[in-house]
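Notes to accompany the following structure.
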Amino acid sequence: MTALCHFERNEVESRNLMHELGIVFYIIKDVKEAAEANGVKHVDAVVMDIGEVSTIVPEYLQDMWRWAADREELLKGAELKINIIPAVTWCDHCKCEYPTVEYGKTCPNCGSGETWLLRGNEVEIKQIEIKS
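Each number in the working numbering comes from the position in the sequence shown (counting from 1) with 360 added on.
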């Protein structure tokens, strides 16, 4: 029974890593395009904004980044810096903002469900760092 539980946990973890690996491939593609357009031969770091509720696990993204980036001459040794953007929800009823993860969809101030995610779902390249 223990081996089966261990297998299931590894299977779930593998699926999560595959999600982050696909994202890393998109990041690398975008960075390569920007580098080529600007005559950059080596990137030192890529800075990402990752939303708190974006479904991306930063630790997995870092692991996949190291594996994939070191296979590209342009990105060998390049660091992946991650800024976590807190999730914030807006309530249309009482016109306030509140922390999404703590309170969910229902506004803690007025109890309304007329809410929407203001920020915290981002996945974007903020900056590409190079040596001058």
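Glycine included, every Cβ here is placed at the ideal spot set by N, Cα and C.
For residue j and residue i, believed in contact at Cβ under 8 Å, the rounded distance
i, j, result
"V448", "R479", "5 Å"
"M408", "I488", "Rounded, the Cβ-Cβ distance is 10 Å, inconsistent with contact."
C-alpha distance - residue i paired with residue j, whole-angstrom precision
i, j, result
"E439", "A394", "17 Å"
"F367", "V417", "Low per-residue confidence applies at F367: pLDDT is 36, beneath 50, and the placement is therefore not dependable, though the value from the model is reported in the following sentence. Rounded to whole angstroms, F367 to V417 spans 20 Å at the Cα level."
"K401", "L381", "23 Å"
"K491", "S414", "31 Å"
"N443", "E412", "10 Å"
"K389", "Q422", "16 Å"
"C451", "V406", "34 Å"
Start-to-end residues for the alpha helix (DSSP H) that takes in residue i
i, result
"V461", "460-463"
"E419", "418-429"
Which of helix, strand or coil DSSP assigns to residue i
i, result
"D409", "strand"
"E433", "helix"
"V403", "coil"
Span of the beta strand (DSSP E) around residue i
i, result
"K441", "439-445"
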